[in-house]
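Contents: one structure, followed by commentary.
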Amino acid sequence: MTAPKNPQVSVVIVNWNSRELLAQALTTLYDTTKNVRFETIVVDNGSHDDSVSYLQENWPDVVVISLDRNHGFAGANNIGFKSCKGEYILLLNVDTISLPTTVSGLVECMEAHPEAGCVGARHLNADGSLQWSMDDFPSLVNDTLRYTDLYRLPFLQGWLKRTYPAFTDHTEEREVGWVNGACMMVRREVIDQVGGLDEYFFIYAEELDWCYRIWKAGWTVRFTPSAVVIHLLGGSFSSTDGKRTILLYQSLRRYYTKHYSQPKQVAVNAMVGANALWRLAAIAGMHAATKVGVDPGQKVWELVTQQQAKSDWDVMYKTWWKTIWVTPDDPIRP
5 MTAPKNPQVS VVIVNWNSRE LLAQALTTLY DTTKNVRFET IVVDNGSHDD
55 SVSYLQENWP DVVVISLDRN HGFAGANNIG FKSCKGEYIL LLNVDTISLP
105 TTVSGLVECM EAHPEAGCVG ARHLNADGSL QWSMDDFPSL VNDTLRYTDL
155 YRLPFLQGWL KRTYPAFTDH TEEREVGWVN GACMMVRREV IDQVGGLDEY
205 FFIYAEELDW CYRIWKAGWT VRFTPSAVVI HLLGGSFSST DGKRTILLYQ
255 SLRRYYTKHY SQPKQVAVNA MVGANALWRL AAIAGMHAAT KVGVDPGQKV
305 WELVTQQQAK SDWDVMYKTW WKTIWVTPDD PIRP
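Each residue of the sequence shown is one higher than the one before, starting from 5 at the first, in our numbering.
Here it is as structure tokens:
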């Protein structure tokens, strides 16, 4: 493995206490990426799991930027951009598994569409099922259906597929509002023109904001199913402490605060509050059921709490109460 002097692509990976995932991300990236000249920059967000020493010992051609604290996803990527030499910048999450088409598919789409400032890949879950990879920009209807899980209702499926790109089977190349930031490619000149990620978004929704600004600057944002990546979701976060959920809803509010009118901000705050309240009521019901020996089941747990791993009840109560009251500017950190 030798880093090229004139890379076509600069891959930026942000790491925070995810050494094993980082090893997997790098191994699959280098094993599967052929016929593309690329360099890799890993920005470590103040990890304390020996990630930096692992990189230095095992990946000598990877550029390592070691930070003394967690700057967030946006801040760390912006630092990494300063070291990039490539024509195209690929943001690649640490919890991704690259496939043979991941990098090459994005490059091919970029070269075929010079008007595209950003291109996103088709994301799959670990089991091969489809993961939301793109959509139109947020709207009150779309967000209400998604965050309250009402989109699961069977009679809505046909309408959703006709109305919102996120609910299609992701087999069509198309222009979209935004693409999933776990694997997205941006032209260097776009970053020079519109700037990097907005660090107002510590994590989540930063790619929505970036794509919005890219569109405003006169570029398009494109999704291609020819580039496929596996995204494991939430690799750097504990799945049981609730902070991921709180940050997700806080970032939604930040996006509305930055880009939408005050009535829409009030409406989304009301939706978030109502969503949290029904989940609190459901959690209380599940808690009561367990007291009499009734197991609500894993699927019910995931639906109500939006967490895959089971946590203690106090954490769940505190998570959703905090979600109601958190403001866009509250200092929440993982």
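For each residue, glycine too, the CB sits at the ideal point set by N, CA and C. Every value quoted in this text rests on a predicted model; they were computed, and no experiment measured them.
By the Cβ-count criterion, Ser137 is buried, with 16 or more other Cβ atoms from all chains shown falling within 10 Å of its own Cβ. If you draw a straight line from the Cα of Thr294 to the Cα of Trp219, it comes to about 50 Å.
In the DSSP assignment, Asn19 falls within the unbroken beta strand (DSSP E) covering Val13 to Asn19. The continuous beta strand (DSSP E) containing Leu96 extends over residues Tyr92 to Leu96.
Under a 10 Å Cβ-count criterion, Gly132 is classified as exposed, with fewer than 16 other Cβ atoms of the shown protein chains found around its own Cβ.
Along the length of the segment 182-227, whole alpha helix (DSSP H) runs at least 4 residues long occupy 192-198 and 210-220, reported in chain order. Sequence-distant Cβ neighbours of Leu144 in its own chain, meaning closer than 8 Å and more than five residues away, are Lys268, Ala271, Val272 and Met275. Annotation: the continuous beta strand (DSSP E) that includes Gly124 extends over Ala120 to Leu128. Taking the Cβ atoms as the reference, Tyr92 lies roughly 5 Å from Val13, within the contact range of under 8 Å.
The C-alpha of Glu176 is placed about 13 Å away from the C-alpha of Cys113. If you look at Thr323, you'll find it in the alpha helix (DSSP H) that goes Trp317 to Trp329.
Between the C-alpha atoms of Asp54 and Gln266 there is a straight-line separation of about 45 Å.
Take Ile83, set aside five residues on each side of it, and the residues of its chain with a beta-carbon closer than 8 Å to its own are Val47, Ile69, Leu71 and His75, in chain order. His235 sits close to Ala186, with the two beta carbons spaced by under 8 Å. Bounds of the alpha helix (DSSP H) holding Thr167 are Gln161 to Thr167. By the criterion of at least three beta-carbon pairs nearer than 8 Å, the segment 18-38 is in contact with the segment 89-103. For Ala170, the three-state secondary structure derived from DSSP is helix. The three-state reading of DSSP puts Ser55 in helix, counting H, G and I together. Take Gln161, set aside five residues on each side of it, and the residues of its chain with a beta-carbon closer than 8 Å to its own are Phe171, in chain order.
The Cβ atoms of Met320 and Thr327 lie no closer than 8 Å to each other. In terms of Cβ geometry, Ala231 and Thr106 form a close pair [threshold 8 Å].
Taking the C-beta atoms as reference points, Cys122 is found nearer than 8 Å to Met189. Excluding sequence positions up to five before and after Val56, its CB lies within less than 8 Å of the CB of Asp48, Val68 and Ser70, all in the same chain and listed in chain order. DSSP places Ser255 in the uninterrupted alpha helix (DSSP H) bounded by Lys247 to His263. In the DSSP assignment, Val46 is bridged to Ile17 and Val68.
In this structure, Pro332 lies away from Thr249, with their beta-carbon atoms at least 8 Å apart.
If you draw a 10 Å sphere on the C-beta of Ala80, you find 16 or more other C-beta atoms in it, and that means buried. Inclusion of Asn19 and Ser51 in the CB contact set at 8 Å is warranted, their separation being smaller than that value.
Per DSSP, Thr100 is one residue of the beta strand (DSSP E) stretching across Thr100 to Ser102. Your pair Leu95 and Val16 checks out as a contact, with CB atoms roughly 6 Å apart and the cut at 8 Å.
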